[in-house]
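Asks: Let me begin by handing over the structure; questions about it come next.
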Amino acid sequence: MSVPVELLALREQIDALDQQLFSVLAERFKVTAQVGQLKKQHQLPAQDATREAQQLEKTAALAAQTGLDPDFAQRLQRLILDEVVAQHKLC
1 MSVPVELLAL REQIDALDQQ LFSVLAERFK VTAQVGQLKK QHQLPAQDAT REAQQLEKTA
61 ALAAQTGLDP DFAQRLQRLI LDEVVAQHKL C
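Counting from 1, position 14 in the sequence shown corresponds to residue 14 in UniProt numbering; the numbering is continuous, with no gaps.
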């Protein structure tokens with residue numbers, strides 16, 4: 001059974017978008033690593049609950065604006081924030 005050409009084209013688009021998504025995410029983690037170093041230098045805590053709450057609120061608004069489910073976007077952002085905090089604790 002052959003796969004329709006349209007399906008193959010859509011899968012190629014998904015693969016390209018995944019590449020972009022992970023490239024942006026890797027870039028974000030490079031920046032947050034710099035934040036972790038600055039926090040260490042200035043003896044600041046690894047976690048900033050106020051900043052995280054602001055980020056999650058902003059995430060929900062951005063998701064709504066772009067047609068993405070805000071709950072899903074916040075769960076994804078929470079996962080990212082948790083990884084950032086874990087990395088900051090290792091600094």
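Note that beta-carbon positions come from the ideal geometry of N, C-alpha and C, so glycine has one too.
Around the C-beta of G67, are 16 or more other C-beta atoms found within 10 angstroms, so that it is buried, or is it exposed?
Replies: That one is exposed.
Asks: What residue from L10, V35, T59 has the CA that sits closest to P45's CA?
Replies: Of L10, V35, T59, the residue nearest in Cα terms is V35.
Asks: Please classify H88: is it buried, with 16 or more other beta-carbons within 10 angstroms of its beta-carbon, or exposed?
Replies: By the neighbour-count rule (16 or more Cβ atoms within 10 Å), H88 is buried.
Asks: How is H88 classed by DSSP in three states: helix, strand or coil?
Replies: The answer is helix: DSSP assigns H88 an H, G or I state.
Asks: Leaving aside the five residues before and after F72 along the sequence, list all residues of the same chain whose C-beta is less than 8 Å from its C-beta, in chain order.
Replies: Cβ neighbours of F72 beyond the five flanking positions: A63.
Asks: Where do the ends of the alpha helix (DSSP H) carrying Q41 lie?
Replies: First-last of the alpha helix (DSSP H) with Q41: 5-41.
Asks: Enumerate in chain order the residues of its own chain whose CB-to-CB distance from T59 is below 7 Å, with the five nearest sequence positions on each side excluded.
Replies: Only A73, Q74, Q77 meet the Cβ criterion.
Asks: Consult DSSP for Q55 and reduce its assignment to one of helix, strand or coil.
Replies: In this structure, Q55 counts as helix in the three-state DSSP scheme.
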